[in-house]
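Novice:
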Amino acid sequence: AVNNAGSSFPSSASNAVTPSGAILGLVTPVFTEVEDANFKLGVLIEGEDFTLQEGGTVTIADRGQSHTTGNPLGNMFLNWDKTGHLLGWEFNVPESGVYRIGMKYSSSTLTSVRDLQVDGGTTYRFHYPRTLGGWSDYDQALLQDAEGNDLLFELAAGTHTIQMMNITSGLNLDYIVLHKMGDDPTDPLTSGTASLTGTQATVQAGSDLALTVGVSELEGSFTGLDVIVDYDPDVLSFDTITDGASTSLAESAIELLEPNYAVA
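Each residue of the sequence shown is one higher than the one before, starting from 108 at the first, in the working numbering.
1. List the DSSP bridge partners of Y206.
2. According to DSSP, is A360 part of a helix, a strand, or is it coil?
3. Answer with buried or exposed for D315, where buried requires no fewer than 16 other C-beta atoms within 10 angstroms of its C-beta.
4. Which residue's Cα is closest to the Cα of E140: S203, K211 and F184?
5. Just to confirm before moving on: does the CB-CB distance between S214 and Y235 stay below 9 Å?
6. Is the beta carbon of Q270 less than 9 Å from the beta carbon of L194?
7. With DSSP as the reference, label G241 as helix, strand or coil.
8. Go ahead and label G351 buried or exposed: buried means 16 or more other beta carbons lie within 10 angstroms of its beta carbon, across all protein chains shown.
9. Do you know how far the Cα of V200 is from the Cα of S276?
10. List the endpoints of the continuous beta strand (DSSP E) containing T347.
11. Would you mind stating whether R207 and F260 have Cβ atoms separated by less than 9 Å?
12. DSSP state of S173, grouped into three classes?
13. Which one of T347, K189, E155 and G154 has the shortest CA to CA distance from G163?
14. Quick check: L185 and N279, are their CB atoms within less than 9 Å of each other?
15. With respect to the beta strand (DSSP E) encompassing A168, which residues constitute its N-terminal and C-terminal limits?
16. With a threshold of 8 Å on Cβ separation, who are the neighbours of A360 within its own chain once the five nearest residues in sequence on each side are excluded?
17. Pull up the DSSP beta-bridge partners for T218, would you.
18. L249 and F138 look like a contact to me (Cβ under 8 Å); what is the Cβ gap, rounded to whole Å?
19. Please report the Cβ distance between F198 and H267, rounded to the nearest whole angstrom; I am assuming they are in contact, meaning their Cβ atoms lie under 8 Å.
20. Leaving out five residues before and five after W187 in sequence, what residues of the same chain have Cβ atoms less than 8 Å from its Cβ?
21. By the three-class DSSP mapping on this structure, what secondary structure does F198 have?
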């Protein structure tokens, strides 16, 4: 359900800004050089599942994208083009901690600017650079401060809100995602224990040895795991492939036990 009340932003009239070079000097650009296959993992908020709308009406449409939304009206929205048009999302954080905010968006304009608030707090203003392929080409982005550090929010477990207001021109938003950070808020979560185990105490020469890499006591999710094995190459060998000066395990040496895992 869309709620048309409860905004803590100023009225749309006070935000009627003409797109120009001057407005871009007041904002922080989002960081778009994000290449992470697991970027979508975290607290996921689909763009079309907003719970607040004021100052305009977006069009929710089904464009056949790969989404997890439960919205029966479609899996994306269009026409977030009007200055002062406010959207808000209500979401649940399962675990207290420090979170950064990522988004997936597209834009065909040079001056897509949005104001953003979390739980009605400080208002941040961000510029969303034009995506290379225009409206049909989506970029992953992180919200950062003027020094290029991820903008971090301390959130308690429970219900929270994000509100975004259009300051200049159009923007298509696929989803918002919150990533929980570790005890050092500049690093992603690293808690948990990695193990390398085998089922045989000894093996005969020429026989195969099966080793299993596992992770236990993990709080949250992870996007990468480096495994270093010290071994004597005179008594143990792996099927490998060589690419220039780099050597890695061959596909024949690896069996993935979890469907969402990948080996790089």
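Backbone N, C-alpha and C fix where the C-beta goes; we use that ideal spot for every residue, glycine too.
Specialist: If we stick to the structure as given:
1. Counted from its first residue, the sequence shown places residue 206 at position 99. Partner(s): F260 and K287.
2. Within the sequence shown, numbered from 1, the residue matching residue 360 stands at position 253. In this structure, A360 counts as helix in the three-state DSSP scheme.
3. Residue mapping note: residue 315 aligns to position 208 of the sequence shown, counting from 1. Exposed, by the Cβ-count rule.
4. In the sequence shown, residue 140 corresponds to position 33, counting from 1. Just measuring C-alpha positions, the residue of S203, K211 and F184 sitting nearest E140 is K211.
5. In the sequence shown, residue 214 corresponds to position 107, counting from 1. In the sequence shown, residue 235 corresponds to position 128, counting from 1. Yes. Within cutoff.
6. Position 163 of the sequence shown, counting from 1, holds the residue named residue 270. Position 87 of the sequence shown, counting from 1, holds the residue named residue 194. Contact flag set, yes.
7. To locate residue 241, count along the sequence shown from 1; it is residue 134. Three-state result, G241: helix.
8. Along the sequence shown, one-based indexing puts residue 351 at 244. By the neighbour-count rule (16 or more Cβ atoms within 10 Å), G351 is not buried but exposed.
9. The sequence position of residue 276 within the sequence shown is 169, counting from 1. The sequence position of residue 200 within the sequence shown is 93, counting from 1. S276 and V200: Cα-Cα distance of roughly 30 Å.
10. Along the sequence shown, read from residue 1 onward, the residue named residue 347 stands at position 240. Note, T347: beta strand (DSSP E), T347 to D350.
11. Taking the first residue of the sequence shown as position 1, residue 207 is located at position 100. Taking the first residue of the sequence shown as position 1, residue 260 is located at position 153. Closer than 9 Å, so yes.
12. In the sequence shown, the residue the question calls residue 173 occupies position 66. For S173, the predicted structure reports a pLDDT of 45, less than 50, and the residue's modelled location is therefore unreliable. A value from the coordinates is still provided. Coil.
13. The count along the sequence shown starts at 1 and reaches residue 163 at position 56. Here the closest residue by C-alpha is K189.
14. Here residue 185 refers to the residue found at position 78 when the sequence shown is read from its first residue. Here residue 279 refers to the residue found at position 172 when the sequence shown is read from its first residue. A contact, by the Cβ cut-off of 9 Å.
15. To locate residue 168, count along the sequence shown from 1; it is residue 61. Residues T166 to A168.
16. Counting from 1 along the sequence shown, the entry for residue 360 is found at position 253. Contacts found: F345, D346 and T347.
17. By 1-based counting over the sequence shown, the position of residue 218 is 111. BP columns for T218 are empty, so no partner.
18. In the sequence shown, residue 249 corresponds to position 142, counting from 1. In the sequence shown, residue 138 corresponds to position 31, counting from 1. Their Cβ separation, rounded to whole angstroms, is 5 Å, which keeps L249 and F138 in contact under 8 Å.
19. Counting from 1 along the sequence shown, the entry for residue 198 is found at position 91. Counting from 1 along the sequence shown, the entry for residue 267 is found at position 160. Right, the Cβ-Cβ distance comes to about 6 Å (below 8 Å), so this counts as a contact.
20. Numbered from 1 along the sequence shown, position 80 holds the residue referred to as residue 187. Answer for W187: G163, V165, L194, N273, G277, L278, N279 and L280, listed in chain order.
21. Walking along the sequence shown from the start, residue 198 turns up at place 91. F198: strand per DSSP, three-state reduction.
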